[in-house]
Amino acid sequence: AQKVTQAQTEISVVEKEDVTLDCVYETRDTTYYLFWYKQPPSGELVFLIRRNSFDEQNEISGRYSWNFQKSTSSFNFTITASQVVDSAVYFCALTPAGGYQKVTFGIGTKLQVIP
Amino acid sequence: DVKVTQSSRYLVKRTGEKVFLECVQDMDHENMFWYRQDPGLGLRLIYFSYDVKMKEKGDIPEGYSVSREKKERFSLILESASTNQTSMYLCASTLTTSSYEQYFGPGTRLTVT
Numbered sequence: 029a030q031k032v033t034q035a036q037t038e039i040s041v042v043e044k045e046d047v048t049l050d051c052v053y054e055t056r057d058t059t060y061y062l063f064w065y066k067q068p069p070s071g072e073l074v075f076l077i078r079r080n081s082f083d084e085q086n087e088i089s090g091r092y093s094w095n096f097q098k099s100t101s102s103f104n105f106t107i108t109a110s111q112v113v114d115s116a117v118y119f120c121a122l123t124p125a126g127g128y129q130k131v132t133f134g135i136g137t138k139l140q141v142i143p
Numbered sequence: 007d008v009k010v011t012q013s014s015r016y017l018v019k020r021t022g023e024k025v026f027l028e029c030v031q032d033m034d035h036e037n038m039f040w041y042r043q044d045p046g047l048g049l050r051l052i053y054f055s056y057d058v059k060m061k062e063k064g065d066i067p068e069g070y071s072v073s074r075e076k077k078e079r080f081s082l083i084l085e086s087a088s089t090n091q092t093s094m095y096l097c098a099s100t101l102t103t104s105s106y107e108q109y110f111g112p113g114t115r116l117t118v119t
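Protein sequence lines, in the order shown, are assigned to chains A and B. For the first sequence, the working numbering assigns the number 143 to the last residue and increments by one with no breaks. For the second sequence, the working numbering assigns the number 119 to the last residue and increments by one with no breaks.
Quick look at the structure:
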């Protein structure tokens with residue numbers, strides 16, 4: 029069975045601080061995909077990134093960066109120089125590669141960026 | 007841009023009523039999904055469909071059924087609504103089985119009284 033753990037339920041930071049959102053996963057599959065989604069107050073989840081289990085290279089996109097470490101089964105998300113618009117709930121998710129896409133989501137981390 | 011729309015943002019129903027939640031996507035996506043989102047539980051998959059008239063149970067299908075008569079439309083049905091089905095319901099779609107990136111609708115907040 030798959031499992032995604034986001035131990036931080038709520039985080040508050042002051043604007044311009046860096047913040048890291050943790051994600052730890054469990055799976056028996058050898059190939060899988062990991063994701064991060066953002067859910068702003070409007071409610072609609074927005075896709076941020078997908079990472080293949082074979083690709084452990086870190087990724088950077090503007091102020092966002094992701095650190096995938098297979099050895100610790102973690103896929104952490106860092107926001108550099110946080111902004112008020114980053115306030116949202118962030119979900120980490122996991123699905124096995126191939127076949128039908130039964131995605132397992134974490135419970136989400138609510139990030140509040142204080143001006 | 008892919009657009010996933012849901013028929014209502016807010017819905018209030020009485021216990022025992024039959025409830026239909028509609029989801030439509032406009033980009034010819036093959037796969038569609040229904041989740042419910044509850045505080046402290048994240049998103050849980052209710053049902054998904056990988057083709058017209060095809061459906062698969064997710065993690066929490068009890069009390070729900072689905073219908074997919076047309077590729078663009080995926081309906082979630084609560085046969086006899088109960089108060090424990092008060093929740094946020096999210097619809098999502100993906101282009102193909104191998105595309106994985108899910109596009110979500112805005113959600114329907116259902117209250118059953």
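Don't be surprised by glycine CBs; every beta carbon is placed ideally from N, CA and C.
Chain C within 9 Å of residue i, Cβ atoms only
i: residue 61(A); result: This model lacks chain C altogether, as its protein chains are A and B.
Alpha-carbon to alpha-carbon, residue j and residue i
i: residue 94(B); j: residue 113(B); result: 6 Å
i: residue 67(B); j: residue 134(A); result: 19 Å
i: residue 26(B); j: residue 115(B); result: 13 Å
i: residue 76(A); j: residue 59(B); result: 31 Å
i: residue 92(A); j: residue 64(A); result: 11 Å
i: residue 40(B); j: residue 89(A); result: 30 Å
i: residue 44(B); j: residue 86(B); result: 20 Å
i: residue 62(B); j: residue 142(A); result: 42 Å
i: residue 45(A); j: residue 49(B); result: 28 Å
i: residue 19(B); j: residue 13(B); result: 15 Å
Proximity below 9 Å, CB of residue i to CB of residue j
i: residue 105(A); j: residue 67(A); result: no
i: residue 119(B); j: residue 37(B); result: no
i: residue 117(B); j: residue 16(B); result: yes
i: residue 121(A); j: residue 47(A); result: no
i: residue 69(A); j: residue 115(A); result: yes
i: residue 132(A); j: residue 38(A); result: no
i: residue 69(B); j: residue 51(B); result: no
i: residue 95(A); j: residue 103(A); result: yes
i: residue 47(B); j: residue 73(A); result: no
i: residue 99(B); j: residue 83(B); result: no
i: residue 29(B); j: residue 71(B); result: no
i: residue 139(A); j: residue 110(A); result: yes
i: residue 30(A); j: residue 54(A); result: yes
is_contact[residue i, chain A] using C-beta, thresh 9 Å
i: residue 87(B); result: no
i: residue 26(B); result: no
i: residue 80(B); result: no
Residue i at chain B interface by Cβ criterion, 9 Å
i: residue 123(A); result: yes
i: residue 130(A); result: yes
i: residue 36(A); result: no
i: residue 39(A); result: no
Practice task
Could you run through the stretch 87-119 of chain B and flag, in chain order, every residue whose CB is less than 9 Å away from some CB of chain A?
Solution key: 94, 96, 98, 100, 103, 104, 105, 106, 107, 108, 109, 110, 111, 112, 113 and 115
Practice task
Below 9 Å between beta carbons is the criterion; list the residues of the stretch 65-80 of chain A that meet it against any residue of chain B, in chain order.
Solution key: 65, 67, 70, 71, 72, 73, 74, 75 and 78
Problem - chain A contacts from the stretch 61-76 of chain B (Cβ-Cβ distance under 9 Å) - result: 62, 64 and 65
Practice task
Could you run through the stretch 31-52 of chain B and flag, in chain order, every residue whose CB is less than 7 Å away from some CB of chain A?
Solution key: 37, 46, 47, 48, 49 and 51
Handout entry: Those runs of the beta strand (DSSP E) which lie wholly inside the stretch 18-43 of chain B and span at least 3 residues
Key = 25-31
Handout entry: Complete beta strand (DSSP E) runs within the stretch 38-82 of chain B (minimum length 3 residues, chain order)
Key = 48-55 and 70-76
Exercise for the section: Determine which residues of the stretch 79-106 of chain A have a Cβ less than 9 Å from any Cβ of chain B, and write them out in chain order. Expected result: none
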